[in-house]
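Per the numbering used here, the very first residue in the sequence shown carries number -6; after that it's consecutive. Encoded as structure tokens, the structure appears first; notes follow it.
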Amino acid sequence: MESSADEISKDVTQRLLTCGLDLVQVFDIARYNDLIADHETLAPLPLFGRRGALALLVGNTKALWPVFTQVYHTDADLQICADPLDAWVGHVLKACLKHIPAESVLRFSHDPGEGLVSMLHLAQASGLAHVGPAHLAVHPEHGTWIGLRGVIVIDAEPPVLPSGSVTRPCDGCDAPCVLALETALAKTSASEIASSWPIWVAVRDACPVGKASRYSEAQICYHYTKDRAVLHPEPSNV
Ligand code: B12
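As structure tokens, then:
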């Protein structure tokens, strides 16, 4: 008998939570396919011959950092990876897939080329977050302080969810993030973020939502610069 969306998503959510991947949004992947239908460079995700299919969007808040740095500290293989965070997320999600009792497809935020998925469109389609004017997903509780890691699409019936609109935390906001983004773009090109990251952090800080969810300085520094010096679990870095 086919496992229900509820059973599968509860099990996956629990497994990922212990790995610091504390945002799991259950939805119907048909909503993403509809949203990107007219997009020139994005391809639809599989429906397994169904009208809709169960999907789990996986992300994180600041909860990821202490878990990840602890694992990094004790895992020699991870320490020699080109991108340890992407590698670890890959390991965790692939391990999780083995427990799903149906055919599944996994896509990562860092997948390039033909495998590219738009995490911002996924955030919007799933209802996890609203895409704000500074091209960032804005979560109703955590604001811009979330990472979006991957999506699992499963050959199972999708949940029956209300078709109502996503919570839109940007509605009624005078969008201070736009000025911060324009300031950052005036000073650097987007490809130079690592060398001028504080002015890019200001784009996130400008958002009035989710201030309490701001990442630690070490987590911020790592995400913008990939500086491994901050990958240590000392109390000052978590
Ligand atoms: C490429 C990319 C970038 C490029 C964008 C270049 C461009 N002009 O498109 C650059 C290097 C600038 C960038 C910067 C950053 N990014 Co980025 N990026 C991505 C990535 C890998 C792919 C985006 C993409 O191509 N989408 C598909 C295309 C086809 O969609 P699109 O509709 O055409 O374009 C979207 C984006 O490109 C963006 N966009 C379009 N034009 C511009 C212009 C500028 C200046 C920026 C910043 C963005 C932007 O908004 C569009 C709406 O969805 C995604 C992960 C993913 N797989 O989605 C992360 C992602 C969107 N980035 C993310 C982050 C966090 C950042 C940074 C804060 C740096 C960092 N890693 O910490 C900065 C600053 C962003 C900001 N707004 O302040 C997060 C967003 C989290 C959130 N809360 O929303 C994502 C989801 C990665 C993740 N693991 O979580 N990024």
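Ideal Cβ positions, reconstructed from N, Cα and C, are used throughout, including at glycine. Since the model is a prediction, treat every value here as computed from it, not as a measurement.
Worksheet item: Cα-Cα, which of A205, V202, C170 is closest to V194?
Response: C170
Item to complete: Just confirm the distance between the C-beta atoms of I22 and L90, as a whole number of angstroms; I'd bet it's less than 8 Å.
Response: Actually they do not touch by this definition, with Cβ atoms about 15 Å apart.
Worksheet item: Would you report the Cα separation of V19 and S184, rounded to the nearest angstrom?
Response: 33 Å
Practice prompt. Kindly indicate the opening and closing residues of the beta strand (DSSP E) around F20.
Written response: 16 to 21
Worksheet item: Where in the segment 18 to 66 do unbroken runs of the alpha helix (DSSP H), each at least 4 residues long, occur, reported from the N-terminal end onward?
Response: 22 to 28
Fill in: Boundaries (first-last residue) of the alpha helix (DSSP H) holding I192
190 to 198 is the span of the alpha helix (DSSP H), which, as asked, contains I192.
Worksheet item: Whose C-beta lies closer than 6 Å to the C-beta of A118 among residues of the same chain, with five residues either side of it excluded?
Response: Spatial neighbours of A118 in its own chain (CB-CB distance under 6 Å, excluding positions within 5 residues in sequence) are listed in chain order as R24, Y25, L28.
Practice prompt. Could you tell me if R221 is buried or exposed, where buried requires 16 or more neighbouring beta carbons within 10 angstroms of its beta carbon?
Written response: exposed
Worksheet item: Going along the chain, which residues of its own chain have a beta-carbon closer than 7 Å to the beta-carbon of I1, five neighbours each way excluded?
Response: For I1, where only same-chain residues beyond five positions count, the Cβ hits under 7 Å are L47, I93, I147, A149.
Item to complete: For the alpha helix (DSSP H) containing L99, list its first residue and its last residue.
Response: Segment 97 to 101 is the beta strand (DSSP E) holding L99; no alpha helix (DSSP H) there.
Worksheet item: Anyone know if the C-beta pair for V85 and L9 falls short of 8 Å?
Response: yes
Worksheet item: Skipping 5 residues on each side, what residues in its chain have a beta carbon closer than 6 Å to that of Y215?
Response: Excluding positions up to five away in sequence, the list reads V223.
Fill in: Terminal residues of the alpha helix (DSSP H) in which R8 lies
Start and end: -2 to 10.
Worksheet item: Distance, Cα to Cα, Y217 vs T181?
Response: 14 Å
Discussion item. The ligand MN and V51: does the residue's C-beta get closer than 7 Å to at least one heavy atom of that ligand?
Written reply: In the structure shown, the ligand MN is absent; the only ligands present are the ligand B12.
Practice prompt. Put G106 into one of helix, strand or coil per three-state DSSP.
Written response: DSSP, reduced to helix, strand and coil, places G106 within a helical segment of the structure shown.
Worksheet item: Cβ of R8 within 7 Å of any heavy atom in the ligand B12?
Response: no
Worksheet entry | Cβ-Cβ separation, G203 to W138 (assumed contact under 8 Å), whole Å | With a contact defined as Cβ atoms closer than 8 Å, W138 and G203 qualify at about 5 Å.
Worksheet item: In chain order, what residues of the same chain lie with their CB nearer than 6 Å to the CB of R161, ignoring the 5 residues before and after it?
Response: H123
Item to complete: In angstroms with no decimal places, state the Cα-to-Cα distance between S(-3) and R43.
Response: 15 Å
Fill in: Cβ-Cβ distance between F41 and E96 below 8 Å
yes
Worksheet item: From A187 to A127, what distance separates their C-alpha atoms?
Response: 18 Å
Worksheet entry | Contact test: I145 Cβ vs the ligand B12 heavy atom, cutoff 7 Å | no
Practice prompt. Closer than 6 Å by C-beta to P77: which residues in its own chain qualify, once you throw out the five before and the five after it? Chain order, please.
Written response: Y65, L71
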